[in-house]
Structures are given as C-alpha cells and as structure tokens.
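Residue numbers (this note's numbering), protein chains in the order written: chain A, 1 to 431; chain B, 1001 to 1083. Where a beta carbon is used, it is the ideal one built from N, C-alpha and C, also for glycine.
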Amino acid sequence: MNFKYLIIGGGVAGTSAAESIKTTDPAGSIAIVNDENYVLYSKVMLSKPNYFLDKIGSEKAFLKTPEWYQQQGIVFLGGKVATALDPKTKTITLNDGPIRNEATDSQANQIFNGASQQIQYEKLLLALGSTPRKWPVKGADKAGVFSLRTIDDYKEIKEGLKTTKSAVIVGGGFIGFEMCDILRTFGLPVTMIIREPHFWDPILDPISGRMVTEAIDKGGAKVMLNSEVDEVLGTEKVENVKLKDGTTIPCDLIIIGIGNFCQMDWLKNSGLEVNRGILANEYLETNLPDVWTAGDSSEYSDVILEEKVQLGNWVNAQVQGKTAGLNMAGKKIPFKLVSSYNTSGFGINIAFVGDVGIKPDRIIVERDEPIEKSHVRLLIQYGELVGATAINGMDELTTISKLIEKDTKVIGLEPDLANPNFDLKTLLPKT
Amino acid sequence: MRIEYVRNKEGSNIGKIVIDRDLCIGVASCVSVDPEMFKLDDEHKVIVINPDLTDDQLITMAAQSCPTQAIILFDKTGKQIFP
Chain A
1 MNFKYLIIGG GVAGTSAAES IKTTDPAGSI AIVNDENYVL YSKVMLSKPN YFLDKIGSEK
61 AFLKTPEWYQ QQGIVFLGGK VATALDPKTK TITLNDGPIR NEATDSQANQ IFNGASQQIQ
121 YEKLLLALGS TPRKWPVKGA DKAGVFSLRT IDDYKEIKEG LKTTKSAVIV GGGFIGFEMC
181 DILRTFGLPV TMIIREPHFW DPILDPISGR MVTEAIDKGG AKVMLNSEVD EVLGTEKVEN
241 VKLKDGTTIP CDLIIIGIGN FCQMDWLKNS GLEVNRGILA NEYLETNLPD VWTAGDSSEY
301 SDVILEEKVQ LGNWVNAQVQ GKTAGLNMAG KKIPFKLVSS YNTSGFGINI AFVGDVGIKP
361 DRIIVERDEP IEKSHVRLLI QYGELVGATA INGMDELTTI SKLIEKDTKV IGLEPDLANP
421 NFDLKTLLPK T
Chain B
1001 MRIEYVRNKE GSNIGKIVID RDLCIGVASC VSVDPEMFKL DDEHKVIVIN PDLTDDQLIT
1061 MAAQSCPTQA IILFDKTGKQ IFP
C-alpha cells in the first residue's frame, strides 16, 4: 500500500500537518500512523486540575472525532508502531500488532487485511513526540509507580487515586508541579523528591525555585531538595520509598516527572541524522530526501535564535506540524515562532518564553520586584533577547515574546531591563 | 470568567465566540491558526480582535487547536457547536 503523504505520529504536530496538507493538496492521499489507539487529544489537559477533578468531562480532552478523519479523507492507523524506515525504497515498516482502530476501522482493515506490514510514501513526516524518561531506580516496576504522558497513564493514575492514602512525586518540573497541586486538591499528603538544590534547576534560578517551593509548602505539600530515591519498597505494590540518606517515606502512589526523550532507536539504520532529536533545517527537512520532522522530535535550525533548538510544547508542535505539512505539499516556508508555556498552581504562575537554556554566552538580567511578588529573568545572547522565565510575570510575557520575535537589540539597556518599573513595551519597534 | 463576543458576519454559522479565561493558559495555538481573530492581552490570555473577521472554518480550526478548549463556539440559534 502507498500514500502520497505518510505521517508517523498522531499528536498535534502530525495532525496539524495533515490538516495543512489538505488545504494545499486536497487530492493527495494521507495516512497517520499512531502508536496510541486514540484520535488527537490534548496532552496539556491531562495534568490540569479541572480535568482531573472531573469539572470538565473526560471526553473533552479529545480535540478531533473519528468522523473528522473520515470527512477529511485522512486514513488513521491507530495502535500501530513504526519499526523501520528505508529511505531508498521509501518504505516504512509497521509492527505486526493487531489493528485496533476506533477512527477508520474499515479503511485500516482493507489496507492491511492482517498481512501487509509495509507502507510506501512519497513524502514522510516524522512527528514522533516524546516519551517519559525511564526512572532507573530499584523497585520502579512496582504497581503504583506512574508517569504521565498519555491518556492511558491519566486513566491509570485516576484509578490509583481511588485508594491512595499518600503520594510521592519525583522530579521538579511542570508535571511534578501540576500533579502535586492536583493531589493536594484531593486532600492527599504529598512529598516531592527533587534531586537538585532548587525547583527546576538549572532552568530556573534559586530565587524562582525558592518562590515555587514556598508556594508548594504553603499548599501543604512537603518539598525535599537535594534528595534522591534509592529504592521503592513494597511487595507487589509500592508501600514506601527509601531515600539515599536512609529516610523512608510511606506512600502508595508515586508519580515520576523527570523529563522526556525522543524514541529514535528504530531509525538507527536509516541514515537519518539525529542528535537529541531528529536534525532538520529551518524548513523542517531532514537530511533524507522527502523526509520532514516536526514537534518534540525535531531539533531544527531556529531562524530567530540562529541555532539548533528542540522544544517540547504544544504550540511549537502545532505550528511546526503546519509548516512541515505545507512544505511537504510543495511550499518553502521557514518555521518561525517564539513559543511559550506556562502553568499555574498553588497560587503561583510559572512561565517560559523562547529558549530558556543556560549557555555560557548568555547573560541574564533579573527584573526584581522589591518584595519578590514576581520574578522575571531575561536571557540575552549576542545583544538580543532570546528567552525569559517568569514567576507571576504573566503581564509581561506577550511583550517579551514580541521583543524576541523582532530581534530587538538590548545591548547597553541592561539597567533599564533590570528595573521592574521600566516598561518593556517602549522597546518594541514602532509600527 | 467568560467573555462573549457576538458575531454578526453575514453568511456565518457562528453567532457567538466565548473565551473562558479560567481555562485559557496563553498557549496561543489559536493565535497561530487565526491571528486576525485572536491575540493575547496583557494578562497573556486570549481575546477576540474583531468577531466579524475571518471565516468560520478558520475560527473552528483555531478553537479545535486549543489544548484546554478555552474557545467555545455557538451558532446563530445559541446552540453550542464546539466543543
């Protein structure tokens, strides 16, 4: 079987790509291969309190319906995993697992008929997403240990919560923060175990980290910094965690939030150039002919930051998918976006804009409020803003995004930038 | 808090666009889909620039792209059509 456009990954990047291909080449055949047997849903929603507390119906996470794929003429192959790419014959091999397809079952069965396991493409998009990093701790395979990435993970955690008496969260990042907030709203005792000396080190600085930790403390959860789990104890189900300093914490649910990685082992023999992600130029083209990448899995040449960047957030994946789709259908559009992500919980907001990586050639200017109600850090490279982190600094995010996008020169302006009373909007180019 | 924008565009099936500011987390996916219709305000939440602009398909795609479903669409009879 063959398709003009084959998309590996049915998340927001892959689905946006299919959508944009349809606007440019409506007659071109498209298939989306998705390892999960679900149509597009919001991974952002999975760790939001309103969703977890059933204030929003569980079906609301789904952003497309099975009918949508049929109406668009997009073949959706759910529950199938790509296992090999041969760029010479332009073939993708899929696993031989059963086809369980809620979207377009009849189409899928016609195509595979239980036998064929290879699909040929004219143009291929690798929108692979990312997978939670494995927690390399003895006993981590016990029942009651969860990560949160998929809707199935969400369902398992929700089920587990019915009998949970106390919980441990491992890792100081967005998932840990959001899940800690949710578990507290369930009234559970929660302990956060963070290996680093402050929350989200090194992306956040010690002041920001302390503000987050204090908010979590006030919310009734215990944060243990500089701490690492040595072993998960229990018979079949988790009963305690033992820390490296010997402390034992009773718990019957553990949520791991220690970061994600891109699963690319299956591409090893394809000749595809990879680093932490799949390497791509500004058009999201890889080194292989007619192969593009988008979303969490792409490590692309960023035209604003002028360096290779890999980001894992919703709007980045969405716009990359759209750009890659248009380029697959014959356009030549560079991907350009200043993406941001933020979260709220425990009465505090944490936000990131642009590239917030700490690098030797970057300087950081802190915009401090005297009483530390908010804390905004501006990252500057080669005299231009490249990113920012903000605690309770939402009101400046939109302006900061624009300043980054417009390549605004801020050289020599550091004293102004550090003054919280200085209006950043005055730096925007006059229109 | 919800902000309602009545749409009077001729030929449009969408009669009202509602932004749920409690749900909006400023991802700006809608802005990337339909920048003529949506933008972020000073609180980094989405607002509608002019409800009579752009076409229904684009507005619907923008609403569908929101990962927290903070954009709610109603038809001319007041019936919710998304989500």
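Item                                                                                                                                                                                                     : Value
Taking CB distances under 8 Å as the criterion, tell me whether residue 378 (chain A) reaches chain B.                                                                                                   : no
Buried or exposed for residue 276 (chain A), please, with buried defined as at least 16 other CB atoms from any protein chain shown within 10 angstroms of its CB.                                       : exposed
Give me the subset of the stretch 1041 to 1057 of chain B whose CB atoms are less than 9 Å from a CB atom of chain A, sorted by chain position.                                                          : 1041, 1042, 1043, 1044, 1045
Consider the Cβ of residue 45 (chain A): report whether some Cβ of chain B lies at a distance smaller than 8 Å.                                                                                          : yes
Quick one: residues in its chain with C-beta nearer than 8 Å to the C-beta of residue 3 (chain A), no 5 flanking neighbours on either side, listed in chain order?                                       : 29, 30, 31, 75, 119, 120, 121, 122
How far does the alpha helix (DSSP H) with residue 321 (chain A) in it reach, from first residue to last?                                                                                                : 314 to 328
Considering only residues of the stretch 1002 to 1064 of chain B, which uninterrupted alpha helix (DSSP H) runs meet the minimum length of 4 residues and lie entirely inside it, listed in chain order? : 1029 to 1033
Compute the Euclidean distance between the alpha carbons of residue 113 (chain A) and residue 94 (chain A), then round it to the nearest angstrom.                                                       : For residue 113 (chain A), the predicted model reports a pLDDT of 42, less than 50, meaning its position is unreliable; a value from the coordinates is still stated below. About 13 Å.
Rounded to whole angstroms, what is the Cα-Cα separation between residue 1024 (chain B) and residue 1069 (chain B)?                                                                                      : 8 Å
For the structure I just gave you, are there three or more beta carbon pairs, one from the stretch 42 to 51 of chain A and one from the stretch 145 to 154 of chain A, closer than 8 Å?                  : yes
Beta-carbon separation of residue 1059 (chain B) and residue 1019 (chain B) under 8 Å?                                                                                                                   : no
Residues of chain C with a CB under 7 Å from the CB of residue 1069 (chain B): which are they?                                                                                                           : Absence of chain C from the displayed structure is noted, the protein chains being A and B.
Taking its Cβ as the centre, do 16 or more other Cβ atoms sit within 10 Å of residue 1001 (chain B), making it buried, or is it exposed?                                                                 : exposed
Name the chain A residues that come within less than 9 Å of residue 1062 (chain B), Cβ to Cβ?                                                                                                            : Those within 9 Å of residue 1062 (chain B) in chain A number zero; the least Cβ separation is about 11 Å.
What do you reckon, are the CB atoms on residue 126 (chain A) and residue 291 (chain A) nearer than 8 Å?                                                                                                 : yes
Comparing the C-beta of residue 1027 (chain B) with each C-beta of chain A, is any distance below 8 Å?                                                                                                   : yes
Who does residue 121 (chain A) pair with in a DSSP beta bridge?                                                                                                                                          : A:3
What is the rounded straight-line gap between the Cα of residue 1073 (chain B) and the Cα of residue 387 (chain A)?                                                                                      : 34 Å
Is it buried or exposed, residue 248 (chain A), if we count other Cβ atoms within 10 angstroms and call 16 or more buried?                                                                               : exposed
Starting from residue 242 (chain A), follow its DSSP beta bridges and name the residues at the other end.                                                                                                : A:231, A:248
Assign residue 363 (chain A) to buried or exposed, taking buried as 16 or more other Cβ atoms, counted over all protein chains shown, within 10 Å of its Cβ.                                             : exposed
Under 7 Å between beta-carbons, which chain B residues line up against residue 315 (chain A)? List them in chain order, please.                                                                          : 1027, 1028, 1029, 1032
Using 8 Å as the Cβ pair cut-off and three pairs as the minimum, do the stretch 192 to 209 of chain A and the stretch 262 to 281 of chain A touch?                                                       : no
Taking the alpha carbon of residue 1012 (chain B) as the reference point, which residue from B:1063, B:1079, B:1055 has its own alpha carbon closest?                                                    : B:1055
Short check: CB of residue 18 (chain A) to CB of residue 42 (chain A), under 8 Å?                                                                                                                        : no
Any idea if residue 141 (chain A) is buried or exposed, counting beta-carbon neighbours within 10 angstroms, 16 or more meaning buried?                                                                  : exposed
Spell out whether any CB of chain B is found under 8 Å from the CB atom of residue 298 (chain A).                                                                                                        : no
Please list, in chain order, the chain B residues whose beta carbon lies closer than 8 Å to that of residue 395 (chain A).                                                                               : 1042, 1043, 1044
So residue 40 (chain A) packs on residue 15 (chain A), CB below 8 Å; how close in whole Å?                                                                                                               : 5 Å
Please check if any C-beta of chain A sits within less than 8 Å of the C-beta of residue 1008 (chain B).                                                                                                 : no
Can you name, in chain order, every residue of its own chain whose Cβ lies under 8 Å from the Cβ of residue 271 (chain A), other than the five neighbours on each side?                                  : 87, 287, 288
Do you know how far the Cα of residue 70 (chain A) is from the Cα of residue 103 (chain A)?                                                                                                              : For residue 103 (chain A), the predicted structure reports a pLDDT of 43, less than 50, and the residue's modelled location is therefore unreliable. The matter cannot be settled from this model.
Can you give, in chain order, each stretch of the beta strand (DSSP E) that sits fully within the stretch 375 to 409 of chain A and has at least 3 residues?                                             : 375 to 381, 384 to 391
Whose C-beta lies closer than 6 Å to the C-beta of residue 354 (chain A) among residues of the same chain, with five residues either side of it excluded?                                                : 338, 386, 387, 404
Name the chain B residues that come within less than 8 Å of residue 71 (chain A), Cβ to Cβ?                                                                                                              : Correct list: empty, because the minimum Cβ distance to chain B is about 12 Å.
Hey, residue 198 (chain A) and residue 184 (chain A) are a contact pair by Cβ (cut 8 Å); roughly how many whole angstroms apart?                                                                         : Their Cβ separation, rounded to whole angstroms, is 20 Å, which puts residue 198 (chain A) and residue 184 (chain A) out of contact at 8 Å.
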